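The structure appears below as structure tokens.
Residue numbers (the numbering used here): 1 to 101.
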């Protein structure tokens with residue numbers, strides 16, 4: 001998992017059925033001091049957490065995590081085709097004597 005900042009959104013009027021009703025957001029990894037790590041961006045699935053541009057989020061980047069969180073109780077349907085998911089909207093985090101967020 002890693003901390004990221006939501007920098008944008010992806011609008012898709014047509015999606016596979018497992019993505020119906022799910023938001024796709026553009027995220028950039030954060031260093032622990034809160035600065036953007038680099039220019040690399042991921043497209044992350046927001047499963048109803050209502051994250052928005054500027055929010056700090058906790059990201060899990062592993063297809064098995066997405067499958068466990070979203071597909072565990074769905075038998076006989078298509079698996080969710082995603083490998084990056086927002087698992088929390090982060091209010092703040094701390095390291096030793098500093099707090100970021």
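We treat Cβ as the ideally placed atom computed from N, Cα and C, and that holds for glycine. Please read all numbers here as calculations on a predicted model, not as lab measurements.
Using a Cβ distance threshold of 8 Å, residue 84 and residue 44 count as a contacting pair. Shown here for residue 7: same chain residues with a beta carbon closer than 6 Å to its own, the five before and five after excluded, namely 26 and 28 in chain order. DSSP lists 93 as the beta-bridge partner residues of residue 100. In the three-state reduction of the DSSP assignment, residue 68 falls in the helix class, which pools H, G and I. Here the alpha carbons of residue 30 and residue 37 stand approximately 5 Å from one another. Distance from the CA atom of residue 3 to the CA atom of residue 66, rounded to whole angstroms, is 17 Å. Here residue 5 really is in contact with residue 56; their C-beta atoms are around 6 Å apart, less than 8 Å. In the DSSP assignment, residue 60 is bridged to 85.
As the crow flies, the alpha-carbon of residue 32 is around 31 Å from that of residue 19.
When the Cα atoms are used, residue 63 and residue 80 turn out to be separated by approximately 9 Å.
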